[in-house]
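Report on the structure given below.
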Ligand SMILES: [Zn+2]
Ligand SMILES: [Zn+2]
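Numbering (the working numbering), first residue to last: 11 to 224.
This is the structure we're talking about:
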């Protein structure tokens, strides 16, 4: 009654929709410990209204902040896997365009045969699962689908190609580079996507055949 008549009272000016913070003086059965305690915090958990004492409120807050952190971590991981997918596609297109001539013909890096664009894969010397060399331009080359898929990459011939192209020991050096643990951040992957998208756009201009859009 006093409050309602007192114009100085702050609570009377408050938005009626805004929930009032619970007064710790009110004693109730705590939803956490089931003891009658001064209630510190009211919280709706999965549509159910709950009241907590000070100790339980702290526990509940800690748990929900932990949960939020886990969710944020998962979200980040998801976005990195999405970005990785985009970069793989863009990078593959970059390699295939780099290794084809104006008319869409290429020479397979492992069998040496001259083939057409539609038979072209971006073949990794060191497998994609090694992050340190996954997007290394010297580790990925135009390879025919027969060598890349049916013949599982033709590792031996590929190492000969590596040494012939980049000098004696190149295959070994790439192999050592792949052993280094490399973790890309979302920002780094985004930068690479932008870089390769631009490269692809530039290269497409010099080709006279139909290429997939980036
Ligand atoms: Zn409690
Ligand atoms: Zn081949």
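For every residue, glycine included, the Cβ atom is placed at its ideal position computed from N, Cα and C.
Annotation for residue 117: the continuous beta strand (DSSP E) segment containing it runs 115-117. Inclusion of residue 42 in the 6 Å shell around ligand 1 follows from its C-beta lying nearer than that to a non-hydrogen atom of the ligand. For a cut-off of 8 Å, the C-beta gap from residue 131 to residue 158 is around 4 Å, short enough to register as a contact. In this structure, residue 214 sits away from residue 204, with a CB-CB distance that is not shorter than 7 Å. Taking 7 Å as the cut-off, the Cβ atoms of residue 136 and residue 188 count as close. Not one heavy atom of ligand 2 is found less than 6 Å from the C-beta of residue 110. A straight-line Cα-Cα distance of about 48 Å links residue 169 and residue 76. Annotation: residue 54 is outside any alpha helix (DSSP H); the continuous beta strand (DSSP E) that includes it extends over 51-55.
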